[in-house]
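Those protein sequences? They're chains E and Z, same order as listed. Using the UniProt record's numbering, read the first sequence as starting at 1 and increasing by one per residue. Using the UniProt record's numbering, read the second sequence as starting at 1 and increasing by one per residue.
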Amino acid sequence: MTATLTRADVVSAASPKRRRRAPGWLAVVPLLAFTAVAFGVPALAMLNGAFTVKDQVSGATSYSTANLTRSLDGAYLTALVGSVKLSAVCAVLGALLGLPIAQAVVTSRSRALREAVLTASGVLANFGGVPLAFAFVATLGNAGVLTRHLGLGEKGWNLYSFGGLVLVYLYFLIPLMVLTITPALEGLRTQWREAARNNGATGAQYWRHVALPVLAPSLLGGLVLLFGSAFAAYATAAAMVGSSVPLVTLQIADAISGNVLVGQENVALALSLDMVLVAGVVMAVYLPLQRRSARWLDA
Amino acid sequence: MARRVNAWRWPVLGFAALYFLVPLAASVVFTVDVPGRGVTFDAYRRIVSTEGFTTSLLLSLELALVTIALVLLLMVPAVVALRLGAPRLRPVVEVVCSLPLVVPPIAFVAGISTVLKWGPEHLSRTPLFQTFVAVQNPDFPFVLVLAYVVMALPFVYRALDAGLRAIDVRTLVEAARSCGAAWPQALLRAVLPNLRGALLNASFLTLALVLGEFTVAQLLGFTPFAVWIYSIGGSQAQLSVAVSVLSLLVTWALLLTLAGFGGRTKTASRG
Chain E
1 MTATLTRADV VSAASPKRRR RAPGWLAVVP LLAFTAVAFG VPALAMLNGA
51 FTVKDQVSGA TSYSTANLTR SLDGAYLTAL VGSVKLSAVC AVLGALLGLP
101 IAQAVVTSRS RALREAVLTA SGVLANFGGV PLAFAFVATL GNAGVLTRHL
151 GLGEKGWNLY SFGGLVLVYL YFLIPLMVLT ITPALEGLRT QWREAARNNG
201 ATGAQYWRHV ALPVLAPSLL GGLVLLFGSA FAAYATAAAM VGSSVPLVTL
251 QIADAISGNV LVGQENVALA LSLDMVLVAG VVMAVYLPLQ RRSARWLDA
Chain Z
1 MARRVNAWRW PVLGFAALYF LVPLAASVVF TVDVPGRGVT FDAYRRIVST
51 EGFTTSLLLS LELALVTIAL VLLLMVPAVV ALRLGAPRLR PVVEVVCSLP
101 LVVPPIAFVA GISTVLKWGP EHLSRTPLFQ TFVAVQNPDF PFVLVLAYVV
151 MALPFVYRAL DAGLRAIDVR TLVEAARSCG AAWPQALLRA VLPNLRGALL
201 NASFLTLALV LGEFTVAQLL GFTPFAVWIY SIGGSQAQLS VAVSVLSLLV
251 TWALLLTLAG FGGRTKTASR G
């Protein structure tokens, strides 16, 4: 269909400008149509459902904010706060631990080390979900290898807890930070350091007044990105802790699977909307920061 | 100065290596050193014969192939067109391709399951109902393909955009056109071969995404590979960790191949 239209248009169009534009519009249409159906419809269904309340007696539906109110109350609120807390702790730790690794790689003169660490980071940052959870269960779970050999169980170690989840999440968040911050660290030019030193600055002063201000957007951007990916993670937590740590993703999964009170089926959708709002704020912070740091690095 | 930097570099990298390697090594130990039975490779030997392994793995691979085909079919013409004839649509496509980042998979699946419920609730007497049944066929749940294509859009867009930035599409197409090639010919024989690296990149990323995807499949009640690993985790701990280790190695091999390709194309374009 597209091909015939294009060819007909090419034949009939006299000006080269029109000849180029017509296929352009047509080629983007399938993508937009597809996302409208596969993404738009579920998204609207979620939005609609989050505000819809079904009356148990009459079966009539009406619009209200009751679901949203409920999703910000009791166990649901605890889960939302738990998710935000977990993601914040993971993001800060991931950034603090990822930065020295990235700096160690950038300042190294060994090209092989650089390539190896960056490739490994690319692989590890994409590694989450069930296999990661099981690897950690085998290592530090109740019957895990390290737990048994080091007797961690008697010392009060428990993988299926907040701290355990942080330890596991960092496994893919630290590499993500390394990937995000490395281009920025590479953008710090030696001339800047030399110029600062020529003007009598100490190392600390160089970092405080030159390097950190240039790095700030990338650092913040990395933090926000880490927060977002920890916040959205579900598979790892589901395979590892079940429901012993309250997280919003686990609550939504529970509600979708039907574990809710009668009449509260739409709470899952309201919780999803809460998540989208948090993730939306995250992206709204991240994108401008990314653009800002790109400006410095391209210059 | 350089020596002072060296002093802290190795401890940092050492700790990192320890943190990232210990869980893997421990997992391997866990699968071969069974308490009370000594060292045995039994867990690995049993994988293939365990019920559900072949079907779930095949399902995942099929889903991956169809997802890759569909996402490339949708994205390649679109991103090429953005370079050539419709630059004003660029912000639209950029926003559309980053929307999945704002909606976490779990929220997305909540929306999908709501839509799927419309089938039996409102549409049971319309022809659309058959479509709803068909996309949820457990042998090949097309609804997962739809979801995965959406989830792959951000990666695929970034990969293709980076690939296109490296070549001069306009000149390529104009050269092909002035040699008498029709539009489809110019795209297939001039642009696509120059995009090979980016296409491979996008395909591998999508493959890794689909093979590891758990959230959407589990909550919609299908059993591709990741859900199968999860389902045997409760009853057969050694086996599930063994499969996890293997699936990790396979995914890493895939991504490393990709990294190797990326490196080679980069050096090629530089030289």
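Glycine residues also receive a C-beta, built at the ideal position from the N, C-alpha and C atoms. The structure presented is a predicted model; accordingly, all values stated were derived computationally and were not measured.
Spanning the alpha carbons of Ile101 of chain E and Leu93 of chain E requires a straight line of approximately 13 Å. Straight across, the Cα-Cα distance linking Glu174 of chain Z with Val117 of chain E is about 41 Å. For Tyr160 of chain E, the three-state secondary structure derived from DSSP is coil.
Inter-segment contact for the region 74-92 of chain Z and the region 23-32 of chain E is present: three or more beta-carbon pairs are separated by less than 8 Å.
In the structure shown, Val53 of chain E adopts extended strand secondary structure according to DSSP, grouped into three states.
At least one CB of chain E lies nearer than 8 Å to the CB of Val80 of chain Z. Within the region 25-50 of chain Z, those residues whose Cβ lies closer than 7 Å to any Cβ of chain E are, in chain order, Ala26, Ser27, Val29, Phe30. Under the DSSP assignment, Tyr63 of chain E falls in the beta strand (DSSP E) whose first and last residues are 61-63. When C-beta atoms of the region 242-261 of chain Z are compared with those of the region 23-36 of chain Z, three or more pairs fall below 8 Å, so the two segments count as touching. Neighbours of Thr35 of chain E across chain Z, judged by C-beta separation under 8 Å: Val96, Leu99, Val150, Leu153. A straight-line Cα-Cα distance of about 11 Å links Ser108 of chain E and Glu186 of chain E. Listed by position along chain Z, the residues whose Cβ is nearer than 9 Å to that of Gly49 of chain E are Ala110, Gly111, Thr114. Within the region 24-77 of chain Z, the runs of alpha helix (DSSP H) at least 4 residues long that lie entirely inside it are, in chain order, 42-46. The alpha helix (DSSP H) runs lying completely inside the region 114-166 of chain Z and spanning 4 residues or more are 128-135, 142-165, given in chain order. Each of E:Val278, E:Val282, E:Arg291, E:Gln264 was checked against the Cα of Arg70 of chain E, and the nearest Cα belongs to E:Gln264.
Taking a Cβ-Cβ threshold of 8 Å, none of the residues of chain Z is close to Tyr76 of chain E; the smallest such distance is about 14 Å. The C-beta distance from Leu273 of chain E to Ala50 of chain E rounds to 4 Å, short enough to meet the 8 Å contact threshold.
Beta-carbon to beta-carbon, Ile112 of chain Z and Ala147 of chain Z are separated by about 6 Å, close enough to satisfy the 8 Å threshold.
Judged by beta-carbon spacing, Ala66 of chain E lies within the 8 Å limit of Val53 of chain E, meaning their Cβ atoms are closer than that value. For Thr236 of chain E, the uninterrupted alpha helix (DSSP H) run begins and ends at 235-241, by DSSP. In the three-state scheme derived from DSSP, where H, G and I count as helix and E and B as strand, Asp73 of chain E is classed as coil. Within 10 angstroms of the beta-carbon of Glu154 of chain E lie fewer than 16 other beta-carbons, which makes it exposed. The C-alpha of Val103 of chain Z lies about 42 Å from the C-alpha of Asp42 of chain Z. Taking a contact as a CB-CB distance under 8 Å, the pair Tyr169 of chain E and Thr236 of chain E counts as one, their CB atoms being some 7 Å apart. Contact with chain Z is absent for Phe227 of chain E, since none of that chain's Cβ atoms lies less than 8 Å from the residue's Cβ.
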